[in-house]
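>
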Amino acid sequence: MKKTANNTLILTVTNFINRAIGFVFRIALIRIAGREAIGLWQMIMPLYFFFLVIASAGLPTAISRLTAEYRARGDRRGVQRVFKTALSLALVCGIAAALCLLLLAGFFSRQVLADPRVRLALIIIAPSLPLVATSSVFRGYFQGIEEMRVVATSLIVEEVTHVVATITLVKVTLGKGAGLLAAGFAAGSLVSEVAGLGVYLVAFPLFRLAGRPDNILFSTKMLRQILQLSIPATAGRLLHSVGQLCQSIIIPTRLRIAGWTASQAAIAYGELTGMALNLLFLPSLFTVAMATSLLPQITAAVAHNRYRSAQAIFLRALTWTALISLPVAALLISLGEPVCQVLFNSSSAGKLLSYLAWGGLLLYTQQVAAATLQGLGKPVLPLITSAIGTIISSSLLLVLTSTWQIRGVAFSLICGWMTTGALSLYLVQRSLPFFAQFVPRLLRITLAAALCGIAAHHIYLHCLANSGRVFISLLCAGLGSGLVYLIAAGGIIRQQFARR
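Per our numbering, residue -3 is the first one in the sequence shown, and the count goes up by one each step.
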């Protein structure tokens, strides 16, 4: 139990460090390379992740589970066969995905993304696919033998290398065009994957389980077990990557139909995905952790037919999600423009962020609701709700982007999030009725968040008028509105702590 707690702490701290490094790095990169280069990079990311899902999605979880299972039985030969079979599968899928992306880079850049400048970046990043797939096998192995220190070291080395390599390459390519800068981003990513895999290769001989070597390089039995565990995870991630890919295709092309140039469309897409959505998704640091801890709790309660206990667990998690997400959404609505101006030197990204924040609550509750549905033994339902939301947002993007332009993009995304979130909550309600208890709490939290947003707006304007400094004004607005929120929502917060 102590080792499990230590491993959880190691991964939590590692993820926090990497998120912090990544966030600061993104701010610096936007300021150094510019919004257009970021936009081009963000355009190719969904396509890259689509191929990455095909190459490696679900492998770490499957390998971790099977490795732990065979290790617990004392079957070290079984552990070896799992690792070798998974490594063979990862190399085949990774190399096939890389070749496909390499050969079709020209087609994807011209016909799919409709911007030939991204071709070089696609070619450079393609070789990273087998590297990432191989790393996922090693990661699953080390997770299975509970050596999280190796996983944490690899993740941190990879992130630090990514920052150093990308900044260096950006400085070399600066002033040579947005397309070459995007290629520099791709090269930095490739170098970081080499570094991350290098840590695993160095560590593997040190932590290899002792035992007689197994000469079998590939086991059909192990392949079936790996696929049975990895395919469900792959389906969910593939659906998400397809949705992101649709957005990366639809938004820039429809903006060009509206009369925007390729450069303007790339800048707008970069502001959306590289700036506004990154800030909007900050509360996901909390909601992902909440969903991770929620799943086993709901599963255990349902297994013992304690549905009232499961209902209380979900209600507590949903209330915490609302307590954290609603004031964040209110602050982003009120202060989105100056926040993006300070961080990214882009007020237009701030306007977009203020629009998107209106869909915050149902966006943030998706993960909690999905984890609950999985705990209830209904893993297909989150996939269905996500698919419906993706279809609605993509359909609206096709219609509204060329007419309402960037506001149409925001409205379409919000409609998709709200559809997925509302459907997910409705499906949970059918198994664990919670509306009657949650709605009064939600009204009180919404009122407190509204007061927080109003206070932030007025404090910011007052401080700006007196000091003329945007950062100081934002700091005062954040502290003042936070105090207002704690006073207004203090009763519910105390109740939440009392229920623990």
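Yeah, the Cβ is synthetic: ideal placement off N, Cα and C, and Gly gets one too.
(1) Using 8 Å as the limit for Cβ to Cβ distance, is I380 near chain D?
(2) Rounded to whole angstroms, what is the Cα-Cα separation between T315 and L377?
(3) To the nearest angstrom, report how far apart L251 and L273 are at their CA atoms.
(4) How big is the Cα-Cα spacing for M(-3) and E142?
(5) Over what stretch of residues does the alpha helix (DSSP H) that includes K80 continue unbroken?
(6) Taking the Cβ atom as the reference point for each residue, do L234 and V108 lie within a distance shorter than 8 Å?
(7) Nearest-angstrom Cα distance between L125 and T57?
(8) Following a CB-centred definition, is G476 positioned closer than 7 Å to any heavy atom of the ligand NAD?
(9) Can you check the segment 402 to 490 for any alpha helix (DSSP H) of at least 4 residues that lies completely inside it and give the ranges in chain order?
(10) Just checking, does the segment 333 to 349 make contact with the segment 267 to 285 on the three C-beta pairs under 8 Å criterion?
(11) Which residues in the same chain have their Cβ closer than 7 Å to the Cβ of R403, if we skip the five residues on either side of it in sequence?
(12) If you follow the alpha helix (DSSP H) that M41 is part of, which residue opens it and which one closes it?
(13) Could you tell me the distance, in whole angstroms, from the CA atom of I461 to the CA atom of L278?
(14) Give me the residue from T399, A129, G332 and A101 with the minimum Cα distance to E189.
(15) DSSP state of T269, grouped into three classes?
(16) Less than 8 Å separating the beta-carbons of I120 and L186?
(17) Indicate the three-state DSSP secondary structure (helix, strand or coil) for E154 in the structure shown.
(18) Is it right to say L443 is buried, meaning 16 or more other beta carbons lie within 10 angstroms of its own, or is it exposed?
(19) Tell me the DSSP secondary structure of G171 in three-state form.
(20) The alpha helix (DSSP H) that contains R115, what's its start and end?
(21) Within 10 angstroms of its Cβ, does P248 collect 16 or more other Cβ (buried), or is it exposed?
(22) With H, G and I counted as helix, E and B as strand and the rest as coil, what does DSSP make of R61?
(23) Would you check if there are 3 or more beta carbon pairs closer than 8 Å linking the segment 88 to 108 to the segment 171 to 187?
(24) For S45, I'd like the list of residues in its chain whose CB is within less than 6 Å of its CB, leaving aside the five on either flank, ordered along the chain.
(25) Only counting the same chain, and skipping five residues up and downstream in sequence, which positions put a Cβ closer than 8 Å to that of I222?
(26) Given this structure, state the Cα-to-Cα distance separating T230 from L479, to the nearest angstrom.
(27) Considering only C-alpha positions, which residue in the set M218, R22, F104 and A406 is nearest to Y66?
(28) Taking contact to mean at least 3 C-beta pairs separated by less than 8 Å, is the segment 385 to 398 in contact with the segment 292 to 310?
(29) Return the Cβ separation of I294 and T397 in integer angstroms, given the expectation that the two are a contact with Cβ distance under 8 Å.
(30) What are the boundary residues of the alpha helix (DSSP H) that G140 is part of?
(31) How would you write the range of the alpha helix (DSSP H) that A365 sits in, first residue to last?
(32) Could you have a look at P279 and say whether DSSP puts it in helix, strand or coil?
(33) Does the separation of the CB atoms of F161 and A117 fall below 8 Å?
(34) Look at the alpha carbon of I455 and the alpha carbon of S477, and state the distance between them as a whole number of angstroms.
(35) Answer with buried or exposed for R465, where buried requires no fewer than 16 other C-beta atoms within 10 angstroms of its C-beta.
(36) What residue range is occupied by the uninterrupted alpha helix (DSSP H) comprising S321?
Checking against the coordinates, here is how it stands:
(1) The displayed structure is made up of one protein chain only, and chain D is not part of it.
(2) 22 Å
(3) 18 Å
(4) Only weak support exists for where M(-3) lies, its pLDDT of 45 falling under 50; the coordinates are left without a value.
(5) R72 to L99
(6) no
(7) 18 Å
(8) Absence of the ligand NAD from the depicted structure is noted, as is the absence of any ligand whatsoever, leaving it without description.
(9) 402 to 427 and 431 to 463
(10) yes
(11) Y351
(12) R31 to S52
(13) First, the amino acid is wrong: residue 461 is Ala here, not Ile. In a straight line, the C-alpha of A461 is about 29 Å away from that of L278.
(14) A129
(15) helix
(16) yes
(17) helix
(18) exposed
(19) coil
(20) R115 to I121
(21) buried
(22) helix
(23) no
(24) Note on residue identity: the sequence assigns Phe, not Ser, to residue 45. Excluding positions up to five away in sequence, the list reads S237.
(25) L55, A58, I59, L62, V78, T81, A82 and L85
(26) 43 Å
(27) M218
(28) no
(29) About 38 Å separates the two Cβ atoms, so there is no contact after all.
(30) S124 to G140
(31) G356 to G371
(32) coil
(33) Note that residue 161 corresponds to Ala in the displayed sequence, not to Phe. Not closer than 8 Å, so no.
(34) 8 Å
(35) exposed
(36) Y303 to F340
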